[in-house]
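The structure under discussion appears below in the form of structure tokens.
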Amino acid sequence: MALTLAERDEVDAFKFIIDPLTAAASLVAIVVALASWYRSARKPLAIDRLVIHQKADKSTFILSMRNRKDYPIIIKQTQCYTRRYFTVQKNPQRDQSIKSR
Numbered sequence: 032m033a034l035t036l037a038e039r040d041e042v043d044a045f046k047f048i049i050d051p052l053t054a055a056a057s058l059v060a061i062v063v064a065l066a067s068w069y070r071s072a073r074k075p076l077a078i079d080r081l082v083i084h085q086k087a088d089k090s091t092f093i094l095s096m097r098n099r100k101d102y103p104i105i106i107k108q109t110q111c112y113t114r115r116y117f118t119v120q121k122n123p124q125r126d127q128s129i130k131s132r
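The opening position of the sequence shown corresponds to residue 32 in this note's numbering, with each subsequent residue numbered one higher.
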């Protein structure tokens, strides 16, 4: 079935509108996917402020942290936060040790 000249003009006008819309939709989808990947790749805890008071016999640490994730995070020890780099796990695994008889 061949299209008439008027029908071809209507199809071309339709393509002229639809092509930029599909390109914009794909660009938005790519940006949203990259933003969600970036948010999920970030560490769950951020240190806002760390103040260290050192004396000859003792040290005092004041640690101010921010939770970036939706789930609660329990901090069991703060020894790892005295260094510049630290690691936090969402579900820490217990060591499975085999007892010898």
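Where is the CB? At the ideal position from N, CA and C, for every residue including glycine.
These figures come from a predicted structure and were not determined experimentally.
Item: Which class does R132 belong to by DSSP, given the choice of helix, strand or coil?; Value: With a pLDDT of 44 at R132, under the threshold of 50, the modelled position of this residue cannot be trusted, and the question is left open.
Item: Check each candidate in L94, D101 and K100 and name the one with the smallest Cα separation from Q108.; Value: L94
Item: Would you identify the three-state DSSP class for R80, choosing helix, strand or coil?; Value: strand
Item: Could you give the DSSP three-state label for I105: helix, strand or coil?; Value: coil
Item: Under the three-state reduction of DSSP, which class applies to T35: helix, strand or coil?; Value: coil
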